[in-house]
Amino acid sequence: MDCLSSTDKCQKIMELARRRGFFWQSYEIYGGESGFIDYGPLGALLKRKIEQKWIDEFVRKEGLMLIDTPIITPSIVFEASGHTTYFTDPVTTCKKCGRKWRADHLLEEKTGESFEGLTLEELYKKMLENNVRCPECGGELESPKFFNELFKTTIGPYSENVGYGRPETAQGIFSNFKRLYELARGKLPFGVAQAGRCVRNEISPRQGPIRLRELTIMEIEFFFDPENPKCEKIFEVKNEKLRLLPEKLLLDGVTEPIEVTVEEALKNGYIKSEWNAYFMVKAKKFVEMLGIPSEKQFFKEKLPNERAHYSTQTYDQLVELSRWGTVELSGHAWRSNYDLKMHMVYSGEDLRVFVPYNKPQKVRRLLVEPNKKALTKDFGEEALRVSRLLTLTQPEFIRKSLDENGFYELKGDGKTYRITFEHVNLKEVEVEEKGKRIIPNVAEPSFGLDRLFYATLEYAYSEKDGRVVLKLPRELAPIEVAVFPLMTKDGLPEKAKKVYCMLLDHGFMVEYDESGSIGRRYARMDEVGTPIAVTIDHQTLQDNTVTLRDRDTWEQIRVKVEKLPLTLEKYFREKVDFKDLAKLC
RNA sequence: GCGGCCGUGGUCUAGACUGGACUAGGACGGGGGCCCUCCAAGCCCCUAACCCGGGUUCAAAUCCCGGCGGCCGCACCA
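The first sequence finishes on residue 631 if you use our numbering, and the numbering steps up by one all the way, no holes.
#1: Please find out if some non-hydrogen atom of the ligand NAP comes closer than 7 Å to the beta-carbon of Glu260.
#2: Under DSSP, the alpha helix (DSSP H) around Glu97 begins and ends at which residues?
#3: Helix, strand or coil for Asp48, going by three-state DSSP, please let me know.
#4: Could you pull the start and end residues of the alpha helix (DSSP H) that Trp321 belongs to?
#5: Quick one: measure Cβ to Cβ for Ala239 and Phe104, integer angstroms, because I've assumed they're closer than 8 Å.
#6: Which partner residues does Cys140 have in the DSSP bridge list?
#7: In three-state DSSP terms, what is Gln440?
#8: Among Phe400, Asp536, Tyr568 and Glu540, which has the Cα closest to the Cα of Ile485?
#9: Where do the ends of the beta strand (DSSP E) carrying Lys224 lie?
#10: Along the chain, where does the alpha helix (DSSP H) that runs through Phe82 open and close?
#11: From this set, Ser382, Phe124, Met60 and Asn351, which residue's C-alpha is nearest Phe270's C-alpha?
#12: Between which residues of its own chain and Val622 is the CB-CB distance below 6 Å, once the five residues before and five after are set aside?
#13: Answer with buried or exposed for Glu248, where buried requires no fewer than 16 other C-beta atoms within 10 angstroms of its C-beta.
#14: When the Cα of Ala379 is compared with those of Glu188, Pro350 and Leu336, which residue comes out closest?
#15: Rounded to the nearest angstrom, how far is the Cβ of Ile603 from that of Leu532, given a contact under 8 Å?
#16: Would you identify the three-state DSSP class for Ile280, choosing helix, strand or coil?
#17: DSSP beta-bridge partners for Asp135?
#18: What are the complete beta strand (DSSP E) segments, minimum 3 residues, inside the segment 509-557?
#19: Which residues share a DSSP beta bridge with Glu19?
#20: Compute the Euclidean distance between the alpha carbons of Phe69 and Gly89, then round it to the nearest angstrom.
#21: Output the distance between the C-alpha atoms of Asn417 and Trp370, rounded to the nearest integer angstrom.
#22: Residues in the same chain with beta-carbon distance under 7 Å from Cys49, minus the five sequence neighbours each way, listed in chain order, please.
#23: So, at 7 Å on beta carbons, what are the nonlocal neighbours of Val432 in its own chain, with the 5 sequence-adjacent residues on each side left out?
#24: Contact check, Leu312 vs Ala323 under 8 Å by CB: the rounded distance?
#25: Quick check on the burial criterion: 16 or more other C-beta atoms within 10 angstroms. Buried or exposed for Ser492?
#26: Do you know offhand how far Thr115's Cα is from Ala241's?
#27: Tyr546 to Gly494, Cα distance in whole Å?
#28: What first and last residue would you give for the alpha helix (DSSP H) that runs through Lys616?
#29: Since Thr422 sits in a beta bridge, which residues does DSSP pair it with?
#30: With a Cβ-Cβ cutoff of 8 Å, do Ala501 and Ile338 count as a contact?
#31: Within its chain, find whatever has a CB closer than 6 Å to the CB of Met60; leave out the 5 residues flanking it on each side and keep chain order.
#32: In this structure, what does DSSP give as the bridge partners for Trp380?
#33: Assuming Leu448 and Val391 are in contact, meaning their beta carbons sit under 8 Å apart, how far apart are those beta carbons, in whole angstroms?
#34: Identify which residue in Glu273, Val208, Pro251 and Phe197 has its Cα closest to the Cα of Val245.
#35: Since Leu522 contacts Leu92 with CB under 8 Å, what's their CB separation in whole angstroms?
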């Protein structure tokens, strides 16, 4: 099976996906639209099962809250989150044929280096240096411009009411923080999960199911106190091994991941947040449950210029795929308090959390009081936001900068405001505090469901005796059990249908098939990953036993019909090995 | 720096260079039947396609242009 060449394998999977109804390109009858795929009957089931597995592992077992918020989002939300400013990619246009391309991707193809995070000028300079041309017609390229990848729309009949399709589900969580914090009964830490459709107007998606314009993201925002960032469950995973490629080593030119325990990774500062480390272990195990062995995965830290605008540290979980090389399946960002802070600035809501002291403390505090008049004079409509932003900034920083430079550069939603002495009154006061108000920090594990789906298929794909066997993990199989009468006579179909109905009643996903030869029916089920086939033969009519046939070994055992639901229950829910099932019967 | 290739039933493809007998062939799949069977057996019947639009021509799957979609190589870099 490993002798398959990489394109071969991918082609075979894509073909299987179309032929058996896992997925295909959308809008085929109109020539297709790149960046969109349809999930077919089996694909839709498999996708849901992967999502369900994720909910089971993260929401149920980790005690997170699952929510579901809209795709369409009013523009102010993404102004606050910074996406209207930062969710952009450099696009360059061919002077000859007019085609548009991701400038950094063209450079990357050309040089093999990564060019994320360069300025437009730097990019253009590099493009000229490397003589990057239009891949389609060889024409000269214009200097790149930033293209915002948010899908824009209007809400209702008023064209000025702009909305965007969300590029991540996270903002639906952040904008609900207050209510969710209430539902968490006012205690940190707590986590919120969401799985849903997102849209990103990619400039030129060319990697099939890997780079989509409409995708499903499953993400968690885990809120914790930055002054008490300990993960209380870290001891459970401290000896777990992670394959890591941290920034420190990347900068030294290391290209192979190292294997370290979680404890070491934290001690060496490879991973800065315990909560992120904890979820990285969970992510490794989750991906393993999809059939992708841990030695095929590793986590690579994003360099500062590659990171998203909100991130303090990000690791990508990568996996090796046959055609597309190493591909990100999940990202693990430490989002600091960026999002909540910006939503405070834009909404005016207090999204801080009150953490009481054991007893009240008298403290001297430096206070920064915004001077409304001066702010309005200099910042007009933005004055209110500037003033909110000011009160959320460490007063000491402001004073230090004012003292040293005469001004302070207040950074917010992609803009920088120059604050001078006249904008603020600095006061030192003695106050009695009963507790502190903090903006929680956020650990964000974020998974791309479509990529997980593809990777699952690829790692399940195998061939045996010239036919395809899809070795999906049993709990992911879209069809769990197939029921076949050995022949279509002597009452075998009737008996088989009874067994089929009984299994349906017990909640299994079952398929009945009586067409063609028995071997052909087994083969069909192997190809779509059905783990168990139940066959009704002449012996069934005598002693009420059926055969169970294992997808991976093609071995068979006989089981009493009455014991069938229980046996399958053991197999699917309790993960009893096929060969041990016989002993139970 | 440069170039190239491809799009035909559900899937894989023949046909294209050299336009006409193509009513578009095959294999696999799928449906029905025979057979009555534990790993894609065999036989019969059926099913279903030239990516879209325009042009050239008496005639276009075939040539030209445009669109949509898919893909690759050399060189360079490491």
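All C-beta atoms, glycine included, are put in the ideal place defined by N, C-alpha and C.
Once the coordinates are examined:
#1: Absent from the structure shown: the ligand NAP. Ligands present: none.
#2: For Glu97, the uninterrupted alpha helix (DSSP H) run begins and ends at Pro87 to Trp100, by DSSP.
#3: Because the pLDDT of Asp48 is 39, which lies under 50, any placement of that residue in the model is unreliable, and the number read from its coordinates should be weighed accordingly. In the three-state scheme derived from DSSP, where H, G and I count as helix and E and B as strand, Asp48 is classed as coil.
#4: Looking at the DSSP string, the run of the alpha helix (DSSP H) that includes Trp321 is Glu320 to Met335.
#5: Yes, they are in contact, since the Cβ atoms of Ala239 and Phe104 sit about 6 Å apart, within 8 Å.
#6: Beta-bridge pairing by DSSP links Cys140 to Leu187.
#7: Correct three-state label for Gln440: coil.
#8: Of the listed residues, the one whose Cα sits closest to Ile485 is Phe400.
#9: Under the DSSP assignment, Lys224 falls outside any beta strand (DSSP E), being part of the alpha helix (DSSP H) whose first and last residues are Phe223 to Leu229.
#10: Judged by DSSP secondary structure, Phe82 falls outside any alpha helix (DSSP H); it is assigned neither H nor E.
#11: Ranking Ser382, Phe124, Met60 and Asn351 by Cα distance to Phe270 puts Ser382 first.
#12: Taken in chain order, the residues that qualify are Lys616.
#13: In this structure Glu248 is buried. Its beta-carbon is surrounded by 16 or more other beta-carbon atoms within 10 angstroms.
#14: Taking each of Glu188, Pro350 and Leu336 in turn and checking the Cα distance to Ala379, the smallest one comes out for Pro350.
#15: Cβ atoms of Ile603 and Leu532 stay farther apart than 8 Å, at about 16 Å.
#16: Of the three classes helix, strand and coil, the one that applies to Ile280 here is helix, per DSSP.
#17: According to DSSP, which records beta bridges pairwise, Asp135 is partnered with Phe193.
#18: Counting only runs of at least 3 residues, the segment 509-557 fully encloses the following beta strand (DSSP E) elements, listed from N- to C-terminal order: 513-516 and 527-531.
#19: Residue 19 cannot be examined here, being either before or after the span of the chain that is shown, 47 to 631.
#20: So the alpha carbons of these two residues sit roughly 6 Å apart.
#21: Taking the Cα positions, Asn417 is about 55 Å away from Trp370.
#22: Below a pLDDT of 50, predicted positions are generally treated as unreliable, and Cys49, at 40, falls in that range; no measurement from the model is reported.
#23: Annotation for Val432: Leu421, Phe425, Leu456 and Tyr463 place their beta carbon closer than 7 Å to its own, counting only its chain and skipping 5 residues before and after.
#24: About 6 Å separates the beta carbons of Leu312 and Ala323, which is inside the 8 Å limit, making them a contact pair.
#25: The residue in question, Ser492, is buried, as its Cβ has 16 or more Cβ neighbours within 10 Å.
#26: Each residue's alpha carbon lies about 9 Å from the other.
#27: Taking the straight line joining both Cα atoms gives about 35 Å.
#28: Lys616: member of the alpha helix (DSSP H) spanning Leu610 to Arg619, first to last residue.
#29: Looking at the DSSP assignment, Thr422 forms no beta bridge with any residue, so it has no partner.
#30: At the C-beta level, Ala501 and Ile338 come within 8 Å of one another.
#31: Result list for Met60: empty, nothing under 6 Å.
#32: In DSSP, Trp380 forms a bridge with Gln359 and Ala489.
#33: Actually they do not touch by this definition, with Cβ atoms about 20 Å apart.
#34: For Val245, the nearest C-alpha among the options comes from Phe197.
#35: Right, their Cβ atoms sit about 6 Å apart.
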